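The sequence shown begins at 1 in my numbering and counts up one residue at a time. Built from N, CA and C at the ideal position, the CB exists for glycine as well. Quantities reported herein were computed from a predicted structural model and do not represent experimental measurements. Take a look at the structure set out below.
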Amino acid sequence: MSGMQQEKRSKGAVFVAIILFLTVNLMSFLLITQSKEILNVSTKVSETVVEKNVSKVSISFVGDLLMHTAERKSGYNEVSNTYNFDYFFKDVKKYFKEKDYVIGSFETPIGKETSDRAYSGYPTFYNPHEFIEASKKAGINVFMTSNNHVLDRGEKGAVKTMEWIEKYEIPYTGTFKTSQDRQENPVLFLNKNGIKIALVNYTEFLNMGVPKNSYMVNIIDPNQIKKDIQFAKDSKADIIIAWLHFGTEYQRQASDKQKQLVSEVASDGADIIIGSHPHVIEPMEVIDVNGKKVFVAYAIGNFISNQYWRYSTDGMILNIDLAKKDGKTSFININYIPTQVVREYFGTQTINEVAVKESDKASDFITGAISQGILKGNEVKFRVVPVGDAIYDYEKKLDKNLTDKDYIRLKTTWGDTTRLIGENQHFKVYRDEKMTKLAIGK
Numbered sequence: 001m002s003g004m005q006q007e008k009r010s011k012g013a014v015f016v017a018i019i020l021f022l023t024v025n026l027m028s029f030l031l032i033t034q035s036k037e038i039l040n041v042s043t044k045v046s047e048t049v050v051e052k053n054v055s056k057v058s059i060s061f062v063g064d065l066l067m068h069t070a071e072r073k074s075g076y077n078e079v080s081n082t083y084n085f086d087y088f089f090k091d092v093k094k095y096f097k098e099k100d101y102v103i104g105s106f107e108t109p110i111g112k113e114t115s116d117r118a119y120s121g122y123p124t125f126y127n128p129h130e131f132i133e134a135s136k137k138a139g140i141n142v143f144m145t146s147n148n149h150v151l152d153r154g155e156k157g158a159v160k161t162m163e164w165i166e167k168y169e170i171p172y173t174g175t176f177k178t179s180q181d182r183q184e185n186p187v188l189f190l191n192k193n194g195i196k197i198a199l200v201n202y203t204e205f206l207n208m209g210v211p212k213n214s215y216m217v218n219i220i221d222p223n224q225i226k227k228d229i230q231f232a233k234d235s236k237a238d239i240i241i242a243w244l245h246f247g248t249e250y251q252r253q254a255s256d257k258q259k260q261l262v263s264e265v266a267s268d269g270a271d272i273i274i275g276s277h278p279h280v281i282e283p284m285e286v287i288d289v290n291g292k293k294v295f296v297a298y299a300i301g302n303f304i305s306n307q308y309w310r311y312s313t314d315g316m317i318l319n320i321d322l323a324k325k326d327g328k329t330s331f332i333n334i335n336y337i338p339t340q341v342v343r344e345y346f347g348t349q350t351i352n353e354v355a356v357k358e359s360d361k362a363s364d365f366i367t368g369a370i371s372q373g374i375l376k377g378n379e380v381k382f383r384v385v386p387v388g389d390a391i392y393d394y395e396k397k398l399d400k401n402l403t404d405k406d407y408i409r410l411k412t413t414w415g416d417t418t419r420l421i422g423e424n425q426h427f428k429v430y431r432d433e434k435m436t437k438l439a440i441g442k
């Protein structure tokens, strides 16, 4: 064999070796890649299965929905003799959009009259049905109706209120039109994503005394509460929420009486206990009852009202998620958004200056000014604002309707609320990009 032939053979062998090497490596790469893809698909399927095994429901709770005279006047159009209260909730409704349920304490009798003079504010509330409409449009879609003002217009007024709530197709509990209804439906059940939620609602007292038809309003009675919670258990409720309209007005700490009742209701089987009535915020905590964790918010304040003094302008949006896995339901992701009722003044500059300077008695001043004709009702507007958002918007000059005095009140509310409630392993103050720099209690 010549040298040239040997050289050709050698080159051919090298070429074949290179081809074999590349082929083997390519096949190995493809096998590894395919294995990874199979692994990834398997992992994704596994993750999907885990996610499918967990059902979730998101709930927000808001406090007392009150309508004093000045609020009613603010939404009244004298020319058309109509009402619109959408302005109340324009700044908070964004937080309700993604919630399954937004539950509030609806604390006023409702009707429909041809004259604005037929309605009334404190001490005997009676207001137009458009208040319900505005609440629903904002996203508040469940009402607790047992409270001390429910009989301000008598038993007929209470029935009329229930009828209006039903016209707007809002689930409610705490009041009943008939004895049969009370017997058959002592508990309000909400079913969502495979989670069955039970709601019960009671008031500590009634301003107008116990009704002739005692079935009409749930009054706090430990024995009855125990029976109703047992009804919820027998009905296979996954989670039981008790809403108690109780406590002492304007007291920012829960009383021993409140704590005792909460302990009893928790022992009966309630998983979440929400309080209203004091018109101020009281502490929240998680208590241990027979080895079970129970969340308690003793009072979540006013959500909308004309009680315009420190602490009573304050409320919150309390967010709680429910998660069900392997047949067990628990509460998770608890956070709260401090809120405040802000008033805006339009029209006469003199009235505006005087009103803004008023502080603790500002609500009395505005009501008096309106009733005397000094100030037109529609020259005052009410709105509930998320405190953190409003502070940010003022500082960045994004909300021109907020005054220097509003800013001071907002900062005070943030400090008062977060200092009282705080943060711990069970609940946090809600924060977004606007609120990251706001410190607790400051």
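Is residue i helix, strand or coil by DSSP?
{"i": "Phe231", "result": "helix"}
{"i": "Thr203", "result": "strand"}
{"i": "Val45", "result": "Reliability fails at Val45, whose pLDDT of 33 lies under 50, so the model's placement of it is uncertain and the value that follows must be treated cautiously. In this structure, Val45 counts as helix in the three-state DSSP scheme."}
{"i": "Val159", "result": "helix"}
{"i": "His388", "result": "Per the sequence shown, residue 388 should be read as Gly rather than His. Looking at Gly388 - three-state DSSP - the assignment turns out to be helix."}
{"i": "Asp91", "result": "coil"}
{"i": "Lys428", "result": "strand"}
{"i": "Arg153", "result": "coil"}
{"i": "Ala70", "result": "helix"}
{"i": "Asn446", "result": "It is not possible to answer for residue 446, since the shown part of the chain is limited to 1 through 442."}
{"i": "Ala118", "result": "helix"}
{"i": "Lys381", "result": "strand"}
{"i": "Ile225", "result": "helix"}
{"i": "Tyr168", "result": "coil"}
{"i": "Met144", "result": "strand"}
{"i": "Ala355", "result": "In this predicted model, Ala355 has a pLDDT of only 47, less than 50, meaning its place in the structure is not dependable; the value taken from the coordinates is given anyway. If DSSP states are grouped into helix, strand and coil, Ala355 belongs with the helices."}
One question on the structure: do residue i and residue j come within less than 9 Å of each other, judged by their Cβ atoms?
{"i": "Asn141", "j": "His277", "result": "no"}
{"i": "Ser135", "j": "Tyr95", "result": "no"}
{"i": "Arg252", "j": "Leu410", "result": "no"}
{"i": "Asn335", "j": "Val429", "result": "yes"}
{"i": "Val200", "j": "Thr175", "result": "no"}
{"i": "Tyr122", "j": "Glu113", "result": "no"}
{"i": "His245", "j": "Gly209", "result": "no"}
{"i": "Gln226", "j": "Glu264", "result": "As written in the sequence, residue 226 is Lys, which differs from the Gln given in the question. For Lys226 and Glu264, yes; Cβs fall inside 9 Å."}
{"i": "Phe143", "j": "Tyr172", "result": "yes"}
{"i": "Val289", "j": "Ala254", "result": "no"}
{"i": "Phe85", "j": "Glu155", "result": "no"}
{"i": "Pro109", "j": "Lys160", "result": "yes"}
{"i": "Phe316", "j": "Asp389", "result": "Per the sequence shown, residue 316 should be read as Met rather than Phe. No, Cβ-Cβ distance for Met316 and Asp389 is not below 9 Å."}
{"i": "Ser305", "j": "Val280", "result": "no"}
{"i": "Val57", "j": "Leu261", "result": "no"}
{"i": "Ser88", "j": "Val384", "result": "A quick correction: the sequence has Phe, not Ser, at residue 88. Cβ atoms of Phe88 and Val384: closer than 9 Å."}
{"i": "Ile272", "j": "Ile240", "result": "yes"}
{"i": "Lys293", "j": "Ala237", "result": "no"}
{"i": "Gly139", "j": "Lys97", "result": "yes"}
{"i": "Thr418", "j": "Lys381", "result": "no"}
{"i": "Pro186", "j": "Phe125", "result": "no"}
{"i": "Gly75", "j": "Ser105", "result": "no"}
{"i": "Gly247", "j": "Glu204", "result": "yes"}
Quick check on the DSSP output: the alpha helix (DSSP H) that includes residue i runs from which residue to which?
{"i": "Trp414", "result": "404-421"}
{"i": "Ile132", "result": "130-138"}
{"i": "Gln179", "result": "Strictly speaking, residue 179 in this sequence is Ser, with Gln absent from that position. Run containing Ser179: 179-184, per the alpha helix (DSSP H) assignment."}
Could you give the residue range of the beta strand (DSSP E) that holds residue i?
{"i": "Thr339", "result": "328-345"}
{"i": "Tyr101", "result": "101-106"}
{"i": "Asp64", "result": "54-65"}
{"i": "Ile241", "result": "239-245"}
{"i": "Lys396", "result": "Counting along the chain, Lys396 falls outside any beta strand (DSSP E), and DSSP gives it neither H nor E."}
{"i": "Phe189", "result": "188-192"}
Quick one: using the 10 Å Cβ neighbour count with 16 as the cut-off for buried, is residue i buried or exposed?
{"i": "Glu423", "result": "exposed"}
{"i": "Tyr250", "result": "exposed"}
{"i": "Arg72", "result": "buried"}
{"i": "Val217", "result": "buried"}
{"i": "Lys324", "result": "buried"}
{"i": "His426", "result": "exposed"}
{"i": "Glu395", "result": "exposed"}
{"i": "Val454", "result": "No answer is possible for residue 454: it lies beyond the span of the chain, which begins at 1 and ends at 442."}
{"i": "Arg153", "result": "buried"}
{"i": "Ser115", "result": "exposed"}
{"i": "Leu65", "result": "buried"}
{"i": "Glu433", "result": "exposed"}
{"i": "Arg117", "result": "exposed"}
{"i": "Glu107", "result": "buried"}
| message | To test your reading of the DSSP string, which unbroken beta strand (DSSP E) runs of 3 or more residues are found completely within the region 247-324? | response | Qualifying beta strand (DSSP E) stretches, in chain order: 272-276, 284-289, 292-297, 302-304.
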